[in-house]
Amino acid sequence: MTSSAALSDNGSHAAALRERRLRGAGVVGLGYWGPNWVRNLQNSAMCDHVAACDVDPVRRHHIKKLYPMAAAYEGIEPMLADQSIEAVIIATPVHTHWELARRCLVAGKSVLVEKPLASSTAQCAELIEIAEARGLVLMVGHTFEYSASVAKLCDIVNSGELGEIFYISSIRTNLGLIQKDINVVWDLAPHDISIIVALLGRAPESVNCQGRSHYNPAVEDVAMLTMNFSGNLIAFAHVSWLDPNKIRRITVVGSRKMLIYDDIALQEPIRIYDKGVSVLPYYDTFGEFHFSYRYGDILAPRVAETEPLKIETEHFLQCVLDKRRPRSDGFAGLRVVSVLEAADESLRRHGAMVPVRYGAAR
Ligand SMILES: NC(=O)c1ccc[n+]([C@@H]2O[C@H](COP(=O)([O-])OP(=O)(O)OC[C@H]3O[C@@H](n4cnc5c(N)ncnc54)[C@H](O)[C@@H]3O)[C@@H](O)[C@H]2O)c1
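The sequence shown lines up with residues 105 to 466 when you count with my numbering.
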């Protein structure tokens, strides 16, 4: 190959690569979480230009100091008017999600909305409808679905190594951050619901939820959400902003083995316990059972150390480039909000069992 042919080959390769990049993407909301999105977009090779937007000048200044190259807008309108912005990530308080996402979609931009997708199933359904009608990507920020640990958990559960899954128990607690517009179930449980649905490949049929408010009477700060699945399967999610410890732990108990996933463990986030119970085949009288308990080895499978948000960013940008449906699409967002709505109704009815109405999300 001559050097000029090689050059032209390199040139067309570079042009092809350029075609695989977005001209620009923006982040709305630069509070606690939004800057992580700006960092990941800045670091991504799939996006040429990054814009950021917040109504708060202090937060805009903060981002400009960290990323002088990023454009910083006060309101969403100038960002939507920027023709180079093809996709927008919304990381604002939950009560603003629907309105901001709707404006982005109507302006022809693909959108990723942080969890939960919106404040009601009706709002989620409307966003899905607009995105589908316009051929735009609508994705929800179910971060844990992009975590290497959760991917490993899914592999383990699907392999049958744990046997029949009996129950899942999740604890997600910390001191703070108390929210003003949503209760602790809407703030923290979307993570547990999306992980549990991913693990089981199905969504709960009904929920019971109990909780209490201690600081803001309208907002529960501690709660226990019970999710009832078909068959004998049950899952619990204990969520709290009032706990001395930061805990992010999920226990999966199966008929053969048990597993603990500790998301804040510095090493070995997953441990598989070869522990279980056997019913001995003989017994003296009807109704009398003998159990034997197995205490076997503990195995810690290797889990890749990747930032879930990096994987999530790349998945979103790739889906926008390919006009492809994301893994956590609008329907996944609607499914989680359907569970949250049922949980709210159960909270109001002091823990009564409430069926989850999925509508189009099922
Ligand atoms: N996926 C995760 O692990 C994760 C973690 C934390 C937060 N979140 C989600 O991220 C979102 C934001 O949470 P946070 O803790 O960063 O909130 P935050 O209150 O710290 O920040 C929100 C920011 O949005 C700005 N804002 C509000 N309305 C706006 C508007 N109309 N236009 C532009 N800017 C506006 C505020 O000024 C503020 O700076 C929530 O949906 C939350 O559930 C997700």
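C-beta: ideal position from N, C-alpha, C; glycine also.
Contact annotation, V357 with N332: C-beta distance approximately 16 Å; criterion of less than 8 Å not satisfied. Shortest Cα-Cα distance from L292 to any of L303, E324, S263 and A302 involves E324. For L184, the uninterrupted alpha helix (DSSP H) segment begins and ends at I180 to A185.
Here D158 is buried, its C-beta having at least 16 other C-beta atoms within 10 Å. Spanning the alpha carbons of N349 and A341 requires a straight line of approximately 16 Å. With the rule of 3 Cβ pairs closer than 8 Å, the segment 418-428 does not count as touching the segment 279-293. At least one heavy atom of ligand 1 falls within 7 Å of the beta-carbon of V132. Within 7 Å of the C-beta of C157 there is at least one heavy atom belonging to ligand 1. In the assembly as shown, P172 is an exposed residue. Its beta-carbon has fewer than 16 other beta-carbons within 10 Å.
Inter-segment contact for the segment 432-445 and the segment 293-301 is present: three or more beta-carbon pairs are separated by less than 8 Å. Distance between A369 and S274, taken at the CA atoms: about 15 Å.
Note that the C-beta distance between A129 and I234 is not below 8 Å. At least one heavy atom of ligand 1 falls within 7 Å of the beta-carbon of R163. Within the DSSP secondary-structure output, V131 pairs in a beta bridge with A156 and I193. Taking C-beta atoms as the reference points, G380 and R360 count as a pair closer than 8 Å. For Q227, the CB contacts under 7 Å within the same chain, skipping 5 residues up- and downstream, are W202 in chain order. Under the 10 Å beta carbon count, A322 is surrounded by fewer than 16 other beta carbons and is classified as exposed.
Closest by C-alpha distance to Y377, out of P385, L384 and Y397, is Y397.
Take D401, set aside five residues on each side of it, and the residues of its chain with a beta-carbon closer than 6 Å to its own are D378, in chain order.
The residue among Q187, R164 and P459 with its C-alpha nearest the C-alpha of L134 is R164. Considering only R453, I180, V407 and A175, the residue with the shortest C-alpha distance to A255 is V407. The Cβ atoms of A447 and C313 lie closer than 8 Å to each other. With 16 or more neighbouring CB atoms inside 10 Å of its own CB, D296 falls in the buried class. Nearest to N320 by C-alpha distance, out of G280, R453, G335 and F395, is G280. Shortest gap from the CB of G135 to any heavy atom of ligand 1: under 7 Å. At a Cβ-Cβ threshold of 8 Å, Y250 and P405 do not count as neighbours. Between P308 and P220, the CB-CB gap reaches or exceeds 8 Å.
Assignment of N332 by DSSP, reduced to helix, strand and coil, places it in the strand class. Distances taken from the Cβ of P385 to the heavy atoms of ligand 1 include none shorter than 7 Å.
Comparing alpha-carbon positions, the option among A327, F248 and G212 lying closest to E218 turns out to be F248.
With a 10 Å radius around the Cβ and a threshold of 16 neighbouring Cβ atoms, E190 comes out buried.
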